[in-house]
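For reference, the structure is listed below as structure tokens.
Residue numbers (the numbering used here): 1313 to 1571.
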């Protein structure tokens, strides 16, 4: 048997379709960095004449608190501040304190010009009066010499003076230092008198009369007492038929100078 040869057809491996490739996702660009903030406050401080004031303390309160002092040009700069409304206060020894509102906007500096009043000069220190020397004691010429001790009956002395009809009779009772005592017998009115450096006292021993002060008469009788301050005009008036007998005391002037 003749064999029949069969040509063998080579087998081919089955073909597989490769899976579709997925394209890589697109990368997002990184966000751009925010630009540095330019918000801030530039302050210039001057006086009423436009001259800069240095050393002014500035306190800023708000979203971003700041503080500082003006330089020799009267300027102070505050940077990196958040936008918003601020309260700026200005203090110093040379100026009157002042406050104002400042609005800071995003991305831009805010210029502020401030005119301040200068503080008034301090009051001068109180003047201390130099200690005063103690008042000098009154000299001997201001006080009369002391008199002698005396005890006397005014009634007896008055009876001795009743004789006679003189309009006025005076008898010196005592004189010592700045006190002069006189017994006065009056048969007529005594005109106005005024002593600018002495006090006057009257004591009525006997008789009737009146003392006239400021245009008003006040009746006097035995035992009445009258005190007349210095620089006071007065007069003594006699009433009735009998003499008015008065004990007069003048105090304040050396008795030798009494009038």
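Cβ atoms here follow ideal geometry from the backbone N, Cα and C, with glycine treated the same way.
Among the options, nearest to residue i - alpha-carbon criterion
{"i": "residue 1389", "options": "1353, 1516 and 1469", "result": "1353"}
{"i": "residue 1385", "options": "1394, 1364 and 1373", "result": "1364"}
{"i": "residue 1547", "options": "1535, 1521 and 1564", "result": "1521"}
{"i": "residue 1410", "options": "1377, 1383 and 1429", "result": "1429"}
{"i": "residue 1489", "options": "1456, 1362, 1480 and 1464", "result": "1456"}
{"i": "residue 1509", "options": "1533, 1544, 1461 and 1550", "result": "1544"}
{"i": "residue 1460", "options": "1487, 1435, 1436 and 1477", "result": "1487"}
{"i": "residue 1530", "options": "1542, 1511 and 1551", "result": "1551"}
{"i": "residue 1504", "options": "1527, 1496, 1355 and 1494", "result": "1527"}
{"i": "residue 1539", "options": "1359, 1523 and 1419", "result": "1523"}
{"i": "residue 1549", "options": "1432, 1501 and 1419", "result": "1501"}
Boundaries (first-last residue) of the beta strand (DSSP E) holding residue i
{"i": "residue 1370", "result": "1369-1373"}
{"i": "residue 1383", "result": "Here residue 1383 belongs to no beta strand (DSSP E), and DSSP marks it neither H nor E."}
{"i": "residue 1377", "result": "Here residue 1377 belongs to no beta strand (DSSP E), and DSSP marks it neither H nor E."}
{"i": "residue 1425", "result": "1421-1427"}
{"i": "residue 1417", "result": "Where residue 1417 is concerned, there is no enclosing beta strand (DSSP E), given that its DSSP letter is neither H nor E."}
Beta-carbon contacts of residue i that lie in its chain and below 8 Å, excluding the five residues immediately before and after
{"i": "residue 1537", "result": "1513, 1514, 1515 and 1516"}
{"i": "residue 1383", "result": "1366"}
{"i": "residue 1417", "result": "1351 and 1395"}
Neighbourhood of residue i by C-beta, 6 Å cutoff - its chain only, sequence neighbours within 5 removed
{"i": "residue 1400", "result": "1372, 1412 and 1414"}
{"i": "residue 1519", "result": "1554, 1555, 1556 and 1557"}
DSSP three-state assignment for residue i, whether helix, strand or coil
{"i": "residue 1563", "result": "strand"}
{"i": "residue 1352", "result": "strand"}
{"i": "residue 1430", "result": "strand"}
Same chain only: Cβ atoms within 7 Å of residue i, ignoring 5 sequence neighbours per side
{"i": "residue 1404", "result": "1367, 1368 and 1369"}
{"i": "residue 1484", "result": "1494"}
heavy atom of the ligand ADP below 8 Å from residue i C-beta
{"i": "residue 1365", "result": "This structure does not include the ligand ADP; it has no bound ligands of any sort."}
Exercise for review: Could you pull out every unbroken alpha helix (DSSP H) segment of at least 4 residues lying fully inside the stretch 1436-1524, listed in chain order?
Suggested key: 1466-1472
Task: beta strand (DSSP E) segments (min. 3 residues) lying fully within the stretch 1520-1560 - done: 1520-1525, 1528-1532, 1537-1540 and 1546-1551
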